[in-house]
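Chemist: What follows is a structure written as structure tokens; I'll ask about it next.
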Ligand SMILES: [Zn+2]
């Protein structure tokens, strides 16, 4: 595998590790799909985690604005799934720090650990394992901006857009692979349901 893994390299790793699964899946919001992706299954293996995060860091380093900011750069993840990616990217870039936000309870807002504070104009790259709905990354972006941080880019291992993925406007978006699954708004519109294919309910 080269230093910058190709789309085919990434898909092969995801399939071999069980992270990318073909079948019939129902998401918590009722949407049905023929593919399901759970990147942490691939990140269990250190060498794969390293290959993917180093690849992502190379895409970021190619952006002159980001490259110039590396010594002050924060790599921030919105959830545990993004943490191995965030640490790998930070190590490869030699960026300043990694931190993350989390929820105290399912319905509560994202927040940082106590005493984690942003400096005025702090340059930030948002990192996660996957961009699917974009809801958590949007909440994270708003939280950081409300605290005066400067978001330079969004970097994910896999971009898996759905018909309802939120837009990040002109913010640069970096990813190693883009996966276009088939989505159905609900069971009533699902071709797989019509064919009687057994459905797996997924948590995320
Ligand atoms: Zn279905």
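Residue numbers (this note's numbering): 16 to 219.
The C-beta atom is built at its ideal place from N, Cα and C for all residues, glycine as well.
Taking residue 145 as the reference, which of 197, 101 and 213 has the closest Cα?
Modeler: Checked all of 197, 101 and 213; the closest Cα to residue 145 is 101.
Chemist: Which value, in whole angstroms, describes the spacing of the CA atoms of residue 193 and residue 134?
Modeler: Roughly 33 Å separates the two Cα atoms.
Chemist: May I have the straight-line CA-CA distance separating residue 91 from residue 201, to the nearest angstrom?
Modeler: Residue 91 and residue 201: Cα-Cα distance of roughly 33 Å.
Chemist: Is residue 124 near residue 165, with beta carbons less than 8 Å apart?
Modeler: Cβ distance not < 8 Å, so residue 124 and residue 165 don't count as in contact.
Chemist: Leaving aside the five residues before and after residue 176 along the sequence, list all residues of the same chain whose C-beta is less than 8 Å from its C-beta, in chain order.
Modeler: Excluding sequence neighbours, residue 176 sits near 146, 147, 193 and 195.
Chemist: For a test of the three-state rule: what should DSSP assign to residue 90, helix, strand or coil?
Modeler: DSSP places residue 90 in strand when its eight states are reduced to three.
Chemist: Flag this pair as yes or no: are the beta carbons of residue 41 and residue 197 separated by less than 8 Å?
Modeler: Contact: no.
Chemist: Can you check whether the C-beta of residue 23 is within less than 8 Å of a C-beta belonging to chain C?
Modeler: In the structure shown, chain C does not exist; there is a single protein chain.
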